[in-house]
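To convert, note that position 396 of the sequence shown is 396 in the UniProt record's numbering; the numbers rise steadily by one, no gaps.
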Amino acid sequence: MCLTAHFIDRYWILHKRIINFCPISSHKGVDMVACITNCLLEWGLDNVLTITVDNASSNDVTVKEMSKKLSNWGTNIMDGEHLHVRCMAHILNLIVQDGLKEIGKSVKLVRQAVKYIKQSPARLRKFKECCESKLITCKKSLCLDVPTRWNSTYSMLDIAQHFELAFKRYSFYDIGYLNHLRTFGSDSSENKDETSVDDGTSVEDEFSVEDGTIANILSSGDWKNVRSMMMTNEDRNLKEMAESMNEKFKKYWGEQKKMNKMIFISSVLDPRNKLDYVPFAIVDMFGKKVGEKLCTEVKKYMKKLFEYYVKKSPKSSLHVPSSSTSSGNSSSISSVSGCGNFVNRGRLRTKQQFEKHKELNEPRFPILAEMVRDVLALPISSVASECAFSTGGCVLDPFRSSLTPKIVQSLICVQDWLRSESFPINIEEDLEYLEQLELGVKLNTPSAD
């Protein structure tokens, strides 16, 4: 199990740190909670705003049990109403995999065509001759996909479409090629299906945990564009696939009552969106009747969340800096009005505008700043794009497969922390210290004699 902490520091820099990487003997909710709890206690962490997990039934139990644990600690924010966040990258994978079933025959045909040609050096040479005769300048090589990894299927289709004329030319020279394909059926639209997988790939990149926070889900129109484009497509197969994928997408959002309002609050608090954009996006996604009702609920929930932050803050932090002394009550009112001003005023479109706004208002409204930092750090995905795509490769090579779990955890965590640093690490500055350290190791190592 990999546990990753997400937070925004006082300099407004988003951080992601792997804090636990260990084997687990059981995927039951109670056992998962025990592992998570031990890790949090080891790090001294007891404030958890949300938990982003895969869309699996066992994780539902895990989040419920974790909510009880946080309640016992007295740190369960708003009784854990928004604790459970489903990983969008995992949902997208399920949606695309389900959509690929609708075009399975076409994908299988391309897969078998590529497989047939790559099976023999003689066939490859003949295929290259066909490419030259058709003046195909693409320098890429045919690649065979792994059926369970749809990103590799995208790569296979993406490359194959460049060689469509060469495939047709090759069929005149090798009768066995046509006979081989006939055993798997025939389809003339072998290059049309790449579009849906390509669009899914672009959306998956946006939901990467490296920079994909929940605030991005409404600020990006990629997924909506994908659905509308495919559902209005003239190709019947592609349109049917899009409709099926759209139903899966709606299922992810779920019922309005069970919907995690934090998804929308994070977009409201995003300086690029605020309240002048989010209601429009919600109505556009769910329709006017449902959308307007949902907007009202989001505003109420955000006010409730802010009141929680005001209540839990020390009284000293409630005082607004001014030339005259103000009471705690008036400070609270000032903070609430500050929240209203922040979300209702115009969007901040540039980094310079945000820096100026932060410098001016953060000292005046520290509670609001704390809430915004916490909410904007929420990840929409529990995995990085290379993991979701299964293209990242092995972190440890086979020669280190016998390492103990503790050593593996140390290597994974240290690598993640070092690569996550925003400033360059200069080893030369510590060269003298490292040499002394190395010398000490040599002196303490027993000789072979």
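Where a beta carbon is used, it is the ideal one built from N, C-alpha and C, also for glycine. Small disclaimer: the values here were computed from a predicted structure and weren't measured.
Handout entry: Counted within 10 angstroms of its Cβ, other Cβ atoms place residue 135 as buried (16 or more) or exposed
Key = Residue 135 sits at position 135 when you count from the first residue of the sequence shown. So residue 135 counts as exposed.
Whole-number beta carbon distance between residue 143 and residue 159, since they are thought to touch under 8 Å:
Counting from one through the sequence shown, the residue named residue 159 turns up at place 159. Counting from one through the sequence shown, the residue named residue 143 turns up at place 143. With 8 Å as the limit, residue 159 and residue 143 qualify as a contact, their Cβ atoms being about 6 Å apart.
Open item on the list: At the level of alpha carbons, what is the spacing between residue 8 and residue 279?
Closed with: As a working note, residue 8 is residue 8 in the sequence shown. As a working note, residue 279 is residue 279 in the sequence shown. Rounded to whole angstroms, residue 8 to residue 279 spans 26 Å at the Cα level.
Discussion item. In the DSSP assignment, the beta strand (DSSP E) including residue 2 goes from what residue to what residue?
Written reply: Position 2 of the sequence shown holds residue 2. It spans 2 to 8 - the beta strand (DSSP E) in which residue 2 sits, taken as one unbroken run.
- Query: If we ignore side chains and look at the alpha-carbon of each, how far apart do residue 3 and residue 164 end up?
  - Reply: Numbered from its first residue, the sequence shown carries residue 3 at position 3. Numbered from its first residue, the sequence shown carries residue 164 at position 164. Those two C-alpha atoms are separated by around 45 Å.
Review point. Are there 16 or more other CB atoms within 10 angstroms of the CB of residue 87, so buried, or fewer, so exposed?
Key: Within the sequence shown, residue 87 is the residue found at index 87, counting from 1. With 16 or more other Cβ atoms within 10 Å, it is buried.
Cutoff 7 Å; reference residue 308; Cβ partners in own chain excluding five residues on either side: Along the sequence shown, one-based indexing puts residue 308 at 308. So the qualifying residues of the chain are 77 and 78.
Determine the DSSP secondary structure at residue 19, reduced to helix, strand or coil. Numbered from its first residue, the sequence shown carries residue 19 at position 19. Note: residue 19 maps to strand in three-state DSSP.
_Nearest candidate by alpha-carbon position, reference residue 105, set 39, 38 and 182_ = Position 105 of the sequence shown, counting from 1, holds the residue named residue 105. Measuring from the Cα of residue 105, the nearest candidate turns out to be 182.
Indicate whether the contact test is met: 3 or more Cβ pairs, each with one atom in the segment 51 to 68 and one in the segment 370 to 381, closer than 8 Å.
yes
task = Please report the Cβ distance between residue 262 and residue 90, rounded to the nearest whole angstrom; I am assuming they are in contact, meaning their Cβ atoms lie under 8 Å.
result = In the sequence shown, counting from the first residue as 1, residue 262 sits at position 262. In the sequence shown, counting from the first residue as 1, residue 90 sits at position 90. Incorrect: roughly 18 Å between the Cβ atoms, too far for contact.
Worksheet entry | Secondary structure, beta strand (DSSP E): runs of 3+ residues fully inside the segment 54 to 105 | 84 to 86
Exercise. With a threshold of 16 other CB atoms inside 10 Å of the CB of residue 173, please say whether the residue is buried or exposed.
Key: Translated into positions along the sequence shown, residue 173 becomes position 173. Per the 10 Å Cβ criterion, exposed.
* Asked: Are the segment 293 to 304 and the segment 264 to 271 touching, with three or more C-beta to C-beta distances below 8 Å?
  -> yes
Where residue 1 and residue 123 are concerned, what is the direct C-alpha to C-alpha distance, given to the nearest angstrom?
In the sequence shown, counting from the first residue as 1, residue 1 sits at position 1. In the sequence shown, counting from the first residue as 1, residue 123 sits at position 123. The straight-line gap from Cα to Cα measures roughly 45 Å.
Margin query: So the candidates are 355, 367 and 272; which of them puts its Cα closest to the Cα of residue 314?
Written below: Here residue 314 is taken as the residue at index 314 of the sequence shown, counted from 1. Among 355, 367 and 272, the Cα nearest to that of residue 314 belongs to 367.
Practice task
Buried or exposed for residue 282, please, with buried defined as at least 16 other CB atoms from any protein chain shown within 10 angstroms of its CB.
Solution key: Here residue 282 is taken as the residue at index 282 of the sequence shown, counted from 1. So residue 282 ends up on the buried side.
Requested in this report: Just the C-alpha distance for residue 246 and residue 101, rounded to the nearest angstrom, thanks.
Outcome: Taking the first residue of the sequence shown as position 1, residue 246 is located at position 246. Taking the first residue of the sequence shown as position 1, residue 101 is located at position 101. Roughly 14 Å between the two C-alpha positions.
Report task. Just the C-alpha distance for residue 235 and residue 36, rounded to the nearest angstrom, thanks. Result -> Your numbering for residue 235 matches position 235 in the sequence shown. Your numbering for residue 36 matches position 36 in the sequence shown. The alpha-carbon atoms of residue 235 and residue 36 are separated by roughly 48 Å.
>> Once the 5 residues before and after residue 141 are set aside, which same chain residues still bring their CB inside 8 Å of it?
In response: In the sequence shown, the residue the question calls residue 141 occupies position 141. Excluding positions up to five away in sequence, the list reads 159.
TODO: Would you mind reading off the limits of the alpha helix (DSSP H) that contains residue 370?
DONE: Walking along the sequence shown from the start, residue 370 turns up at place 370. Taken as a continuous stretch (DSSP letters only), the alpha helix (DSSP H) holding residue 370 covers 366 to 376.
Distance CB(residue 32)-CB(residue 71) smaller than 9 Å: Reading the sequence shown from its first residue, position 32 is the one you call residue 32. Reading the sequence shown from its first residue, position 71 is the one you call residue 71. Result no, Cβ atoms of residue 32 and residue 71 do not sit closer than 9 Å.
Beta-carbon contacts of residue 10 that lie in its chain and below 7 Å, excluding the five residues immediately before and after = Counting from one through the sequence shown, the residue named residue 10 turns up at place 10. If we look at residue 10 and ignore the five residues flanking it on each side, it has no Cβ neighbours.
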